[in-house]
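*Asks:* First to last, the sequence lines map onto chains E and U. If you read the first sequence in my numbering, its first letter stands for residue 177, the second for the next number, and so on. If you read the second sequence in my numbering, its first letter stands for residue 33, the second for the next number, and so on. Here a beta-carbon is modelled for each residue, glycine too, at the ideal position from N, C-alpha and C. Treat the numbers as computed from the prediction; the structure is a model and nothing was measured.
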Amino acid sequence: MNKRRLRYLLVKILADKAITDRAFSLGLETAAEHLFGHVGLAEISPRVVSYDHERLTALVRCSAEGVQKLRATLALITEIENNRIAMFVLGVSGTIRGLRQRLSIKRFSGIQTH
Amino acid sequence: MKFVDLHLRPPIGDPIAQKEMAELAHGLGYSVVAVAFHPRSSNEEMKRARKIFIDAGLDVASRVDISVASRNGLLKELRALRRSFEIVAVEYDSIEALSVAQHDRRVDIIYLDLASTSRIFPLKRASSSSAHLEINLSRLTETPRLPEHYQLMRIARQITKAKENRFRIVVSSGARNPMYLRAPRDMAAVGTLLGLGREEAFKSISAIPISLVNKNRMKLGSLYTGENAKVMGTRDE
Chain E
177 MNKRRLRYLL
187 VKILADKAIT
197 DRAFSLGLET
207 AAEHLFGHVG
217 LAEISPRVVS
227 YDHERLTALV
237 RCSAEGVQKL
247 RATLALITEI
257 ENNRIAMFVL
267 GVSGTIRGLR
277 QRLSIKRFSG
287 IQTH
Chain U
33 MKFVDLHLRP
43 PIGDPIAQKE
53 MAELAHGLGY
63 SVVAVAFHPR
73 SSNEEMKRAR
83 KIFIDAGLDV
93 ASRVDISVAS
103 RNGLLKELRA
113 LRRSFEIVAV
123 EYDSIEALSV
133 AQHDRRVDII
143 YLDLASTSRI
153 FPLKRASSSS
163 AHLEINLSRL
173 TETPRLPEHY
183 QLMRIARQIT
193 KAKENRFRIV
203 VSSGARNPMY
213 LRAPRDMAAV
223 GTLLGLGREE
233 AFKSISAIPI
243 SLVNKNRMKL
253 GSLYTGENAK
263 VMGTRDE
């Protein structure tokens with residue numbers, strides 16, 4: 177059986193107030209389901225691997241086929257639990273290590289949240 | 033690949049907000065941004081805003097958004113503003129103005145509120161016109177709710193119609209503050225959701241807006257004399 181190909185996305189979050197990893201995860205799944213339905217959600221299979229409260233970044237895993245849909249979902253989410261939110265994909269890679277190597281998060285750490 | 037956001041609307045009187053937007057746009061990977069000014073913005077205000085974006089490492093194009101309902105009003109604005117801005121955009125305000133915008137070669141961008149109305153806009157670009165159709169993501173992100181399926185469908189239908197009429201499509205953020213900015217590849221992903229092919233979506237945030245900015249800069253330069261003709265040099269008598 178072929179191994180399912182995965183992609184890891186590093187996501188930067190701008191938010192009015194801090195949001196929890198659980199709220200982020202739930203918000204992401206709800207939005208993907210709203211836009212693409214159950215079948216689309218299953219195809220994307222988003223999963224929050226880690227969530228950094230200090231840097232406001234999240235590492236999200238999805239299927240390789242679902243990257244574009246996940247990007248679109250992240251771009252269209254504007255509110256989670258009544259908090260205004262904006263999300264940007266900083267990078268995509270097939271492995272977590274590859275993502276860490278390729279990205280310099282430093283340049284985003286100075287951005288103020290609202 | 034160079035990425036362009038052809039529609040930023042930062043608050044012109046607020047340099048701190050402008051700086052924040054400029055730094056975020058640069059951090060997200062944009063090389064060129066078009067900053068929209070009010071038609072009556074002073075030169076001083078425009079220079080100050082441009083400097084902030086240039087200091088952040090961005091190439092800045094000046095843009096003006098015209099929203100006029102009457103034919104004569106639009107023609108008057110085009111006469112007054114065309115030579116002062118690198119990008120001239122017309123927002124849909126009436127069928128009459130839309131018709132002029134699709135025929136006048138001074139118009140670079142036409143943008144419509146595609147998400148909030150069910151009407152089909154009569155898009156019919158004249159062959160002499162170089163107008164592009166702009167999809168502003170802010171129309172979808174300025175509300176707290178996610179876009180509904182019928183809103184996405186309306187935009188997709190309008191994009192199909194625009195492509196049939198040989199419009200080139202540009203996807204922009206239309207951001208008024210950093211919360212409405214999006215990363216270039218994320219904008220392209222939304223473009224694919226709206227019915228653009230993957231390559232088309234990438235071109236709509238890179239090659240198409242870049243060529244528009246370059247073409248207009250050449251036209252506004254002193255060496256431009258007309259369509260497909262420019263002064264290559266001068267010879268002393």
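Between the segment 197-217 of chain U and chain E, which residues of the former have a C-beta closer than 9 Å to a C-beta of the latter?
*Replies:* Within the segment 197-217 of chain U, the residues whose Cβ lies closer than 9 Å to some Cβ of chain E are N209, P210, M211, Y212, L213, R214, A215, R217, listed in chain order.
*Asks:* List the residues that DSSP assigns as beta-bridge partners of E/T233.
*Replies:* For E/T233, which the question treats as bridged, DSSP gives the partners E/K188, E/D228.
*Asks:* So, using beta-carbon positions, are U/L60 and U/P216 closer together than 9 Å?
*Replies:* Contact flag set, yes.
*Asks:* Do U/A68 and U/V92 have their CB atoms nearer than 9 Å?
*Replies:* No.
*Asks:* List the residues of chain E that U/A221 touches, going by C-beta distances under 7 Å, in chain order.
*Replies:* Under the 7 Å cutoff, chain E gives Q244, R247, A248, A251.
*Asks:* So what does DSSP say about U/R189, is it helix, strand or coil?
*Replies:* In the structure shown, U/R189 sits in a helix (DSSP, three-state: H, G or I).
*Asks:* Please check the pair U/G206 and U/L169, which I expect to be a contact at CB under 8 Å, by giving their CB distance rounded to whole angstroms.
*Replies:* With 8 Å as the limit, U/G206 and U/L169 qualify as a contact, their Cβ atoms being about 6 Å apart.
*Asks:* Since I believe U/T173 is in contact with U/Y212 (beta carbons under 8 Å), could you give me their beta-carbon distance rounded to a whole number of angstroms?
*Replies:* So it is a contact: roughly 5 Å between Cβ atoms.
*Asks:* CA-CA distance, U/E123 and U/S74?
*Replies:* In a straight line, the C-alpha of U/E123 is about 22 Å away from that of U/S74.
*Asks:* Is it a yes or a no for the segment 231-246 of chain E touching the segment 179-193 of chain E, going by three-plus beta-carbon pairs under 8 Å?
*Replies:* These segments touch.
*Asks:* List, in chain order, every chain U residue whose beta-carbon is nearer than 9 Å to that of E/A262.
*Replies:* Neighbours of E/A262 on chain U, chain order: T173, P210, M211, Y212, L213, R214.
*Asks:* Can you tell me where the alpha helix (DSSP H) holding U/E128 begins and where it ends?
*Replies:* Residues 127-135.
*Asks:* So if I threshold CB-CB distances at 8 Å, which residues from the segment 54-81 of chain U count as touching chain E?
*Replies:* Within the segment 54-81 of chain U, the residues whose Cβ lies closer than 8 Å to some Cβ of chain E are E55, L56, G59, L60, listed in chain order.
*Asks:* Hey, could you find the ends of the beta strand (DSSP E) U/K228 is sitting in?
*Replies:* In the sequence as presented, Lys is not what sits at residue 228 of chain U; that position holds Leu. Segment: none, U/L228 is in no beta strand (DSSP E) and carries neither H nor E.
*Asks:* For chain U, find out if any of its Cβ atoms is closer than 9 Å to the Cβ of E/V265; answer yes or no.
*Replies:* Yes, contact with chain U.
*Asks:* What is the DSSP secondary structure of U/A239, counted as helix, strand or coil?
*Replies:* It is helical.
*Asks:* How close, in whole Å, do the beta carbons of U/V245 and U/E118 come, if the pair is a contact with beta carbons under 8 Å?
*Replies:* Between U/E118 and U/V245 the Cβ distance is about 6 Å, and since that is below 8 Å, they are a contact.
*Asks:* Taking the Cβ atom as the reference point for each residue, do E/R183 and E/A262 lie within a distance shorter than 9 Å?
*Replies:* No, these two residues do not count as a Cβ contact at 9 Å.
*Asks:* Could you name the residues of the segment 196-217 of chain E whose beta carbon sits closer than 8 Å to any beta carbon of chain U, in the order they occur along the chain?
*Replies:* Taking 8 Å as the Cβ-Cβ cut-off against chain U, the residues of the segment 196-217 of chain E that qualify are A207, H210, L211.
*Asks:* Looking only at its own chain, which residues have a Cβ that is under 7 Å from the Cβ of E/R276, when we skip the five neighbours before and after it?
*Replies:* Result list for E/R276: empty, nothing under 7 Å.
*Asks:* Quick check: is the beta carbon of U/R230 nearer than 9 Å to any beta carbon in chain E?
*Replies:* So, interface residue.
*Asks:* So U/T224 contacts chain E; which residues on that side make the cut at Cβ distance below 8 Å?
*Replies:* Chain E residues near U/T224: Q244, A248.
*Asks:* Excluding sequence positions up to five away, which residues of its chain have a Cβ less than 8 Å from the Cβ of E/K179?
*Replies:* Within the same chain, E/K179 has no close Cβ partners at all.
*Asks:* Which residues bound the beta strand (DSSP E) around U/H164?
*Replies:* Looking at the DSSP string, the run of the beta strand (DSSP E) that includes U/H164 is 164-168.
*Asks:* When you compare each of U/R137, U/E55, U/D46 to U/K247 by their alpha carbons, which one comes out closest?
*Replies:* The option with the nearest alpha carbon to U/K247 is U/R137.
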